[in-house]
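For the record, in the sequence shown the residue sitting at position 179 is 179 according to UniProt numbering, with numbers rising by one throughout.
Think of the CB as a built atom: it goes at the ideal place given N, C-alpha and C, for glycine as much as any other residue.
Structure first, commentary second.
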Amino acid sequence: MQTETIVVKIGTSSLTDGSGRLDPSLLEGHVASLIRLKRSGFRVVLVSSGAIAAGFHDLGLSGRPCTLAGKQAAAAVGQVHLVERYRKAFTAFGESCGQVLLTRSDFDQRTRYLNALNTLNYLLERGCVPVINENDSVAVDEIRWGDNDTLAAMVAGLLQARWLLLITDTDGVYTANPMDHPDAEKIPHLNRVDEALLNRLDDSRSAFGTGGMRSKLTAARKAARIGVRVYIGTARESAGWMHDVIDGKGTGTYLDALPRRVSRKEQWIAAHACPRGRLTVDGGAARALLESGGSLLPCGVVDVTGRFAAGEVVEVTGPGQLSLGRGVCRYSADLLRQVKGLQSHEALRLAPGCPEEVIHRDDWVRTGAESD
Numbered sequence: 001m002q003t004e005t006i007v008v009k010i011g012t013s014s015l016t017d018g019s020g021r022l023d024p025s026l027l028e029g030h031v032a033s034l035i036r037l038k039r040s041g042f043r044v045v046l047v048s049s050g051a052i053a054a055g056f057h058d059l060g061l062s063g064r065p066c067t068l069a070g071k072q073a074a075a076a077v078g079q080v081h082l083v084e085r086y087r088k089a090f091t092a093f094g095e096s097c098g099q100v101l102l103t104r105s106d107f108d109q110r111t112r113y114l115n116a117l118n119t120l121n122y123l124l125e126r127g128c129v130p131v132i133n134e135n136d137s138v139a140v141d142e143i144r145w146g147d148n149d150t151l152a153a154m155v156a157g158l159l160q161a162r163w164l165l166l167i168t169d170t171d172g173v174y175t176a177n178p179m180d181h182p183d184a185e186k187i188p189h190l191n192r193v194d195e196a197l198l199n200r201l202d203d204s205r206s207a208f209g210t211g212g213m214r215s216k217l218t219a220a221r222k223a224a225r226i227g228v229r230v231y232i233g234t235a236r237e238s239a240g241w242m243h244d245v246i247d248g249k250g251t252g253t254y255l256d257a258l259p260r261r262v263s264r265k266e267q268w269i270a271a272h273a274c275p276r277g278r279l280t281v282d283g284g285a286a287r288a289l290l291e292s293g294g295s296l297l298p299c300g301v302v303d304v305t306g307r308f309a310a311g312e313v314v315e316v317t318g319p320g321q322l323s324l325g326r327g328v329c330r331y332s333a334d335l336l337r338q339v340k341g342l343q344s345h346e347a348l349r350l351a352p353g354c355p356e357e358v359i360h361r362d363d364w365v366r367t368g369a370e371s372d
């Protein structure tokens, strides 16, 4: 039986003291829990926030910087401190860790996506715990809009993890923000995350972190959709609390995974690759893709938007601009504009040697809400 992988994401609020500075005792406690999981036979991966919080003091700042340049500079300084603290904490247990800095482009480009997988697997095979963070000093979008929640979900999918634990300062998901609504009730279990729940929650952040509950639920939904079970909650003092979570004894919120495990190729097409263009298809082609498990042929293409090369991912929409899914297009945009709407034999006559399918069914993934 293959060893199960557990990805643990620890947020800034779970690593810092009241002044927002990195608290070594908290970090060491988390490492003790991770080591206990590892020595129980799990492959353990850590996604850690906290670089900005660990670095702003050394820049002479009294608190988390507000400007983009300030955040990136603090992250550059803080990442050095953060990984050194982790190295010392793991070494104290006779274990090793390795720093892996990732950006969205590492998932967007197929070759880099697979290289990240190979690197992480090699570290795990050698008994080394990967400590992953977004490359804050260059990842502009990450600092502006999100944090490591989505990155953790992507990593969990990449490694086909069994669990994703999102550790934060709120012990689970509530029906509303408990800070603003004292009567809000905790939700111990979720079958799925729907838009109604997301709309009831704001994305309030701690003074020193970058992600709120909405971002965590959005990331949790991504992970659940690709077959990863998710837990959202706070850390505990006992070293065995992560085991309790895996055993179903956590006090936070559990989110079920969809029963079908999504392949890495499907994940890359659906969640990671940035679509380079859009194809609009007719009703017959939409039914073939969604209901019959068919491929997309030139005759079903109504319109082509964008500039893309053969082999790049495109979004596919149906009548009324309804989003249907994504796929790897076997035609360039220029060639497809020439053959769209034609029967396959007509397309071959116009462009000898062109593929029969625009998108083969093996390179197609449904991504609309109905795919849940």
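Thinking residue i and residue j are a contact (beta carbons under 8 Å), I'd like their distance in whole angstroms, please.
i             : j             : result
arginine 87   : cysteine 97   : 6 Å
threonine 251 : aspartate 183 : Not confirmed; about 19 Å, so no contact.
leucine 59    : alanine 75    : Incorrect: roughly 11 Å between the Cβ atoms, too far for contact.
glutamate 134 : leucine 151   : 5 Å
glycine 294   : arginine 361  : 6 Å
lysine 71     : valine 47     : Going by Cβ atoms, the distance from lysine 71 to valine 47 rounds to 18 Å, so no, they are not a contact pair.
Could you pull out every residue in the same chain whose Cβ sits closer than 6 Å to the Cβ of residue i, ignoring the five residues on either side in sequence?
i                 : result
glycine 209       : Because the pLDDT at glycine 209 is just 45, under 50, the model does not fix this residue reliably, and the value given afterwards should be weighed accordingly. For glycine 209, where only same-chain residues beyond five positions count, the Cβ hits under 6 Å are Gly11, Thr12, Ser13.
proline 130       : Val45, Gly98, Val100, Leu120, Leu123
phenylalanine 107 : Tyr113, Met154, His272
arginine 221      : Val193
proline 178       : Ala184
arginine 261      : Gly227
Going by DSSP in three states, residue i sits in which element: helix, strand or coil?
i              : result
glutamine 321  : helix
arginine 126   : coil
glutamate 313  : Here residue 313 turns out to be valine, not glutamate, going by the sequence shown. Residue state, collapsed to three classes: strand.
threonine 16   : strand
tyrosine 86    : helix
arginine 236   : coil
isoleucine 226 : coil
leucine 59     : helix
valine 328     : strand
valine 365     : strand
Check the DSSP bridge columns for residue i and list the partner residues they point to.
i            : result
tyrosine 231 : Leu165, Tyr254
glycine 277  : Gly306
arginine 349 : According to DSSP, arginine 349 bridges with nothing at all.
threonine 5  : Arg43
valine 100   : Ile132
valine 173   : Ile187
Less than 8 Å separating the beta-carbons of residue i and residue j?
i              : j              : result
leucine 336    : valine 301     : yes
tryptophan 163 : isoleucine 232 : no
leucine 342    : cysteine 299   : yes
alanine 69     : glutamate 28   : no
leucine 297    : serine 263     : no
leucine 165    : aspartate 149  : no
aspartate 363  : isoleucine 269 : yes
threonine 3    : alanine 161    : no
leucine 198    : threonine 218  : yes
alanine 285    : alanine 257    : no
Residues in its own chain within less than 8 Å of residue i by CB, not counting five upstream and five downstream?
i                : result
histidine 243    : Arg36, Leu37, Ser40
leucine 158      : Phe107, Tyr113, Ala116, Leu117, Leu120, Arg264, Gln267
glycine 78       : Leu22, Gly50, Ala51, Ile52, Ala53, Ala54, Gly55, Phe56, Asp58
threonine 317    : Arg278, Leu279, Thr280, Val281, Ser323, Leu324
phenylalanine 93 : Val31, Ala32, Ile35
Enumerate in chain order the residues of its own chain whose CB-to-CB distance from residue i is below 7 Å, with the five nearest sequence positions on each side excluded.
i           : result
leucine 290 : Leu324, Arg366
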